[in-house]
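The sequence shown begins at 20 in the numbering used here and counts up one residue at a time. Think of the CB as a built atom: it goes at the ideal place given N, C-alpha and C, for glycine as much as any other residue.
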Amino acid sequence: MNALFFTPGPGELYPGVTNWIGEALDLQIPSISHRSSAFEEIYCTVEAQLRSLMSIPNSHRIYFLGSATEVMERVLQSTVRERSVHFVNGAFSKRFHQIAKELGKNPISVDAPEGEGFELDSFNFDHQVEAFCLTQNETSTGVMLPADHIGQFATRWQNQLIIVDLVSSAPYPQIDFAQVDCGFFSVQKCFGLPAGLGVAIVGERCLEKARQLKQQGFSLGSYHNFLELESFSQKHQTPETPNVMGIYLLGRVCEALLTRGIDSVRAEMDQKANMLYSFATSHAGIEIFVKDHNFRSPTVIVLGVNDSDKLRSELSKAGIKVGAGYGKLKEKQVRIANFPAHTTEHVARLIECLDNLVG
Ligand SMILES: *Cc1c(COP(=O)(O)O)cnc(C)c1O
């Protein structure tokens, strides 16, 4: 029996992916040249599908890179001379801040304890700040920043770039790209695909900044700097040989999500998140890690349990995989993905198992 993966990335494949991989092989997708019109057509199609799915305006370009972690490095290299501000409340936001340090920038972090969110409008910064880096969904702790809070924050900080990690939530949050200069994700989370592809959504203001930095003699990095990505994307190509198979499969998942309709995909994700949170609320042996309802992630649900290892191995015997807690909370928590690949029946089955196994 195949296991059912509720791990928060990589995780359960989107239904249909196995067939689409077979179809891609029949179409010889791995053999086509990334300089061919066949590839350009795939790029165009996937770009149009992502625009439609996530309401991405024409002011923003779509680039394909190797991973989300790569995008963190590239966006900092291309758009930040010195000072980025990072809102850090878990392992992924911390990594983003760390990358800025490793690149020799002079970043600042605003820290919140794990399990807590940010009241974004309560912070003040000086005008040296060039970019704010926000993690919309902190996968290590199950804390999310509501999309409208990000919009309000952006309205207040018009002269700074707003860069948002959407890795474990896109395409769920309704991001207003008129307010967000760069958003990025990788495909092994909500898109239910094999890993190895990062997507960057890059606004005109990022490109302007990159041009300015280049003119001033700063290094933006090499083949994957935003100006290089932009000049190839004009031709619907990438600077290097990309993950053509991954890009093709992303198109197939987007097509499926568009057919379902993004509003119903979101509504179903809400319904499944409610099932999990209500169950956890009513169960004495389970504690929801994120106390403030406003910051509870609908896509990664983090629950405190007595013995995570034991619970996970028992769930595994029942054919269900959930994530361990992150870092020092490994033994005390489980992390459960609620992605578009999961059905309400899947979630009901998980809840039934948890109900039987947690004392
Ligand atoms: C998984 C994840 C990443 C890293 O993605 P990669 O594809 O492994 O580079 C970054 N940020 C968040 C919030 C994530 O969940």
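Might you give, ordered along the chain, the residues of its own chain that have their beta carbon closer than 6 Å to the beta carbon of residue i, omitting 5 neighbours on each side?
| i | result |
| --- | --- |
| Phe298 | Ile370 |
| Asn125 | Glu101 and Arg102 |
| Glu350 | Ser327 |
| Glu384 | The requested residue 384 is not part of the displayed model; the chain covers only 20 to 378. |
| Lys113 | Val107 |
| Gly304 | Val377 and Gly378 |
| Glu223 | Ser78 |
| Ile182 | Val94, Ala150, Cys152 and Cys201 |
| His168 | Leu139 |
| Ile355 | Phe25, Ile320 and Val341 |
| Val284 | Leu276 and Pro359 |
| Arg315 | Val309 |
| Glu66 | Ile81 |
| Ala214 | Pro29 and Gln207 |
| Gly170 | Asp195 and Gln198 |
Which class does residue i belong to by DSSP, given the choice of helix, strand or coil?
| i | result |
| --- | --- |
| Leu226 | helix |
| Lys124 | coil |
| His365 | helix |
| Glu350 | coil |
| Ser335 | helix |
| Phe106 | strand |
| Ile305 | coil |
| Gly217 | strand |
| Asn313 | helix |
| Glu92 | helix |
| Val272 | helix |
| Asn375 | helix |
| Gly99 | It should be pointed out that residue 99 corresponds to Val in this sequence rather than to Gly. Residue state, collapsed to three classes: coil. |
| Lys208 | coil |
| Ala360 | coil |
| Gln193 | coil |
| Phe142 | coil |
| Trp287 | What sits at residue 287 in the sequence shown is Glu, not Trp. Reduced to three states, the DSSP call for Glu287 is helix. |
| Phe137 | coil |
| Gly280 | coil |
| Gln198 | coil |
Keeping to the same chain, check which residues put their C-beta closer than 7 Å to that of residue i; ignore five residues upstream and five downstream.
| i | result |
| --- | --- |
| Ile118 | Met91, Glu92 and Leu95 |
| Phe204 | Ala87, Leu185, Val186, Ala189 and Val218 |
| Ser252 | Arg80 and Tyr82 |
| Ser50 | none |
| Ser52 | Phe58 |
| Glu274 | Gln68 |
Please name the residue or residues paired with residue i in a DSSP beta bridge.
| i | result |
| --- | --- |
| Phe24 | Lys340 |
| Val129 | Phe106 |
| Leu180 | Ala150 |
| Leu322 | Ile307 and Val353 |
| Asn293 | Answer is none; Asn293 lacks a bridge partner. |
| Phe203 | Asp184 and Ala219 |
| Met163 | Asn156 |
Given residue i, which residues of its chain have a CB within under 8 Å of its CB, disregarding the five upstream and five downstream residues?
| i | result |
| --- | --- |
| Ile75 | Leu69, Ile81, Phe196 and Ile220 |
| Gly338 | Met20, Asn21, Ala22 and Leu23 |
| Cys63 | His255 |
| Leu212 | Leu32, Tyr33, Val36, Val206, Gly265, Leu268, Leu269 and Val272 |
| Leu226 | Arg80, Phe245, Leu246 and Glu249 |
| Val129 | Val104, His105, Phe106, Val107, Phe137 and Phe142 |
Q.
Just to confirm the assignment: which complete beta strand (DSSP E) runs, minimum length 3, are found wholly within the stretch 234-270?
A. none
**Q.** Start-end ranges of the alpha helix (DSSP H) lying completely within the stretch 27-90, minimum 4 residues
**A.** 36-45 and 56-73
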